[in-house]
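Here the first sequence stands for residues 0 to 575, numbered as in numbering that gives the first Met the number 0.
Following: one structure in structure tokens, then a few remarks.
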Amino acid sequence: MTREGCGRLGRTTVGRRVELAGWVHRLRDLGGLLFVDLRDGSGIVQLVVRDLPDAHGLSREDVIRVEGTVALREAPNPALPTGEVEVVVERLEILSHAKPLPFPVDEEEAHASEETRLRYRYLDLRRPRLQRNLRLRHRICSAIRQYLDAQGFIEVETPMLTRSTPEGARDFLVPSRLDPGKFYALPQSPQLFKQILVTSGVERYFQIVRCFRDEDLRADRQPEFTQLDLEMAFLEDPEDLFGLLEGLMVHVFRETIGVELPTPFPRIPYDTAMARYGSDKPDLRFGMEIADVSDLFAGGAFRAFAEAVAGGGAVRALPVPDGAGRSRGELGKLEEAAKGLGLAGLSWIKVADGLSSSIAKHVPEAALQAVVARAEAKAGDLVLLAAGPAAKVALALGELRLRLAREGGLIPAGAWTPAWVVDFPLFKLSEAGSIESEHHPFTSPNDEDLPLLEVEPLRVRAKCYDLVLNGVELASGSIRIHRRDLQERIFRVLGIGPEEAERRFGFFLRALEYGAPPHGGIAFGLDRWVMMLAGERSLREVIAFPKTATGSCPLTGAPAEVDEAQLRDLHIRVEG
RNA sequence: GGGGACGUGGUCUAGGCUGGACUAGGACACCGGAUUGUCACUCCGGAGAUCGCGGGUUCAAAUCCCGUCGUCCCCGCCA
Numbered sequence: 000m001t002r003e004g005c006g007r008l009g010r011t012t013v014g015r016r017v018e019l020a021g022w023v024h025r026l027r028d029l030g031g032l033l034f035v036d037l038r039d040g041s042g043i044v045q046l047v048v049r050d051l052p053d054a055h056g057l058s059r060e061d062v063i064r065v066e067g068t069v070a071l072r073e074a075p076n077p078a079l080p081t082g083e084v085e086v087v088v089e090r091l092e093i094l095s096h097a098k099p100l101p102f103p104v105d106e107e108e109a110h111a112s113e114e115t116r117l118r119y120r121y122l123d124l125r126r127p128r129l130q131r132n133l134r135l136r137h138r139i140c141s142a143i144r145q146y147l148d149a150q151g152f153i154e155v156e157t158p159m160l161t162r163s164t165p166e167g168a169r170d171f172l173v174p175s176r177l178d179p180g181k182f183y184a185l186p187q188s189p190q191l192f193k194q195i196l197v198t199s200g201v202e203r204y205f206q207i208v209r210c211f212r213d214e215d216l217r218a219d220r221q222p223e224f225t226q227l228d229l230e231m232a233f234l235e236d237p238e239d240l241f242g243l244l245e246g247l248m249v250h251v252f253r254e255t256i257g258v259e260l261p262t263p264f265p266r267i268p269y270d271t272a273m274a275r276y277g278s279d280k281p282d283l284r285f286g287m288e289i290a291d292v293s294d295l296f297a298g299g300a301f302r303a304f305a306e307a308v309a310g311g312g313a314v315r316a317l318p319v320p321d322g323a324g325r326s327r328g329e330l331g332k333l334e335e336a337a338k339g340l341g342l343a344g345l346s347w348i349k350v351a352d353g354l355s356s357s358i359a360k361h362v363p364e365a366a367l368q369a370v371v372a373r374a375e376a377k378a379g380d381l382v383l384l385a386a387g388p389a390a391k392v393a394l395a396l397g398e399l400r401l402r403l404a405r406e407g408g409l410i411p412a413g414a415w416t417p418a419w420v421v422d423f424p425l426f427k428l429s430e431a432g433s434i435e436s437e438h439h440p441f442t443s444p445n446d447e448d449l450p451l452l453e454v455e456p457l458r459v460r461a462k463c464y465d466l467v468l469n470g471v472e473l474a475s476g477s478i479r480i481h482r483r484d485l486q487e488r489i490f491r492v493l494g495i496g497p498e499e500a501e502r503r504f505g506f507f508l509r510a511l512e513y514g515a516p517p518h519g520g521i522a523f524g525l526d527r528w529v530m531m532l533a534g535e536r537s538l539r540e541v542i543a544f545p546k547t548a549t550g551s552c553p554l555t556g557a558p559a560e561v562d563e564a565q566l567r568d569l570h571i572r573v574e575g
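Below, the structure written as structure tokens:
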């Protein structure tokens, strides 16, 4: 007799003799009559047990096997998919006993601290919500593979033990036993390997791959995380990739949560994103677009604003729907928040029957009207005004835009607003004042900006793009440099001399010398993607065995001390 | 590296500001008993906590102070 799925029993299986096995979900002992809700991977069904004395010793989460006959219920339970039937048990075998549980596993929401949940992760994962998340994650991966396979991509594995290449984050290091004093690094991404793969004739590569970055954790950041990594040969125009990836997004959304994403996704230049949304990952689920009103205050009587414009800065306006009712106290708090974000101050205009404004004394009514018009504010709205260096104003207003939208409940539930952000700058200024890559050093500059490379590097744009979804950076990629001479020029701008370049990237530069095709690609943060589709707020809810905020694993106790002998083998001595 | 919140039986929590009748209360889980149509079963009874750890203040500390550890959130950091 073969085991059947609890959740597959129903009206059509009445009268059948079945064997079931699973976990005791709940018990209702009425003395002469015992009800057991039996749970397996397919669902839950009610068992009725009579005249089996052993059964009264059952506990929740015991693993049992039963034989019995499917019968129509006297009183159906509409809350249960199998609620029309029950299984009358004739034979019962306890396969494994469960101790009293540290927390209930039959509830949708967790009723235990995260630490307890992670310590008993095998119990936590039995909860329906996490089971759903695991299955959703599998379906997403499955849909990705299905789509990319159909598009001619092949999945190739790259090493986990590799060499440290100076990328943005701190590396996890693995000491070499055979070569004392030397270390492998766990990959922050398979960046150079995938470029070498396309150079090797793998024209369409992808990999669902674990990556490691030794930085502090967040709700949306784990030290080991999974990327959908992807690279194509003969990719010169990002648009060719966008179409393909929009197809991927549409496929995954359709197959997993049944949502139809409209294509094409909007393309938003980086400068526009910063100006209108104050962010390089704009949340397009709601309006509140920031308007530039610098010209309205240039040379005007309100000195704070006029001087900002004269000094090369900007004055920008953020409309707040239905914000006109805010009290002076609330506006004061907003200004405090703005100062915390680096602004010198925050002015406001309330749009009601007439206008009232914190700067009415200094600014003519007509100018205020013009600001309101440009910010597209309606009666009942509030307009916030900030002045200063353009980048600072943009970021601060962008942050306020998000906070006010969240607080005001202006973000529609169930909305999906993907967009491509394009035309990123190639470089940025580090805190120390040196030139750094905005994306990574293998990103190709825009052809027409090449003459600026050594002269005005900060003005060079990159063939670089992010896929942004609901204000979250979901994927990031670029067209790569495929010629050694250009790659060396970039290194020079970055202050990486020929010797250092040879030492760190010699293997890669050589690969570019033997016929490297133009190529490019992208990498998705898979965990975040799953998190969004699952509607979760933390990555830990979509990773089977995640780490705590301090990088520990309460289940296994990692990280942990190791034997002295192991350290000796690795030529490691621990201080202190 | 910085800021904030939290830590009380197995689990979740009340109490904490305003120290004293707190002999630390409740719910769930657990144990014993009853129970033949329940489905969050019900009813009766029971056991289980030196209030994360260390120090201090005080006649007296779960409660106030300092330190430390752990968890969570945020800033920095994350090409």
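Glycine included, each C-beta is placed from N, C-alpha and C at the ideal position.
| Query | Result |
| --- | --- |
| C-beta contact flag for residue 419 and residue 260 at 9 Å | no |
| The region 1 to 19 / the region 34 to 49 touching (three or more Cβ pairs under 8 Å) | yes |
| Length-filtered (3 minimum) beta strand (DSSP E) runs lying within the region 220 to 293 | 223 to 232 and 266 to 268 |
| Within 9 Å, strictly: CB atoms of residue 222 and residue 192 | no |
| Check: residue 197 C-beta below 8 Å from any heavy atom of the ligand GDP | Ligands displayed in this structure: none; no statement on the ligand GDP is therefore possible. |
| Nearest-angstrom Cα separation, counted from residue 495 out to residue 448 | 21 Å |
| Own chain partners of residue 156 with C-beta closer than 7 Å, once the 5 adjacent residues on each side are dropped | 206 |
| 7 Å Cβ shell around residue 388 - same chain, five flanking residues per side excluded | 312 |
| C-beta contact flag for residue 295 and residue 348 at 9 Å | no |
| Cβ shell of residue 1 (< 8 Å), same chain only, five flanking positions each side left out | 18 |
| Through-space distance from residue 139 to residue 153, alpha-carbon basis | 17 Å |
| Limits of the unbroken alpha helix (DSSP H) element including residue 497 | 497 to 510 |
| Spatially closest choice to residue 70 from 177, 62, 323 and 83, by CA coordinates | 83 |
| Residues bridged to residue 176 (per DSSP) | According to DSSP, residue 176 bridges with nothing at all. |
| DSSP-derived helix/strand/coil call for residue 490 | helix |
| Opposing strand residues paired with residue 518 [DSSP bridges] | 232 |
| Element boundaries [alpha helix (DSSP H), containing residue 528] | 525 to 533 |
| N-terminal and C-terminal residue of the alpha helix (DSSP H) that residue 137 is part of | 127 to 149 |
| Delimiting residues of the beta strand (DSSP E) encompassing residue 94 | 84 to 95 |
| Local conformation of residue 198 per DSSP, three classes | helix |
| Close-in-space but distant-in-sequence residues of the same chain around residue 95 (CB under 8 Å, 5 per side omitted) | 61 and 62 |
| Inter-stretch contact (C-beta, 8 Å, three-pair minimum) for the region 515 to 532 and the region 196 to 213 | yes |
| C-alpha distance - residue 125 paired with residue 115, whole-angstrom precision | 14 Å |
| C-alpha distance - residue 542 paired with residue 118, whole-angstrom precision | 14 Å |
| Local Cβ density within 10 Å of residue 402, reported as buried at 16 or more and exposed below that | exposed |
| Three-way DSSP call (helix, strand, coil) for residue 472 in this model | strand |
| Per-residue burial, residue 397 [other beta carbons within 10 Å of its own, 16 or more giving buried] | buried |
| When 395, 373, 53 and 567 are compared against residue 345, the one with the closest alpha-carbon | 395 |
| Start-to-end residues for the alpha helix (DSSP H) that takes in residue 45 | Unbroken run through residue 45 is the beta strand (DSSP E), 42 to 48; no alpha helix (DSSP H). |
| DSSP-derived helix/strand/coil call for residue 389 | helix |
| Residue 103 to residue 79 span [Cα, whole Å] | 19 Å |
| Anticipated Cβ contact below 8 Å, residue 637 with residue 369, distance rounded | With the chain represented from 0 up to 575, any question about residue 637 goes unanswered, as that position is not in the structure. |
| Where residue 187 sits in the DSSP three-state scheme | coil |
| Which residues DSSP lists as bridging residue 427, in chain order | 435 |
| Cross-strand partners of residue 210 (DSSP beta bridge) | 224 |
| Distance between residue 272 and residue 372 (C-alpha atoms, nearest Å) | 21 Å |
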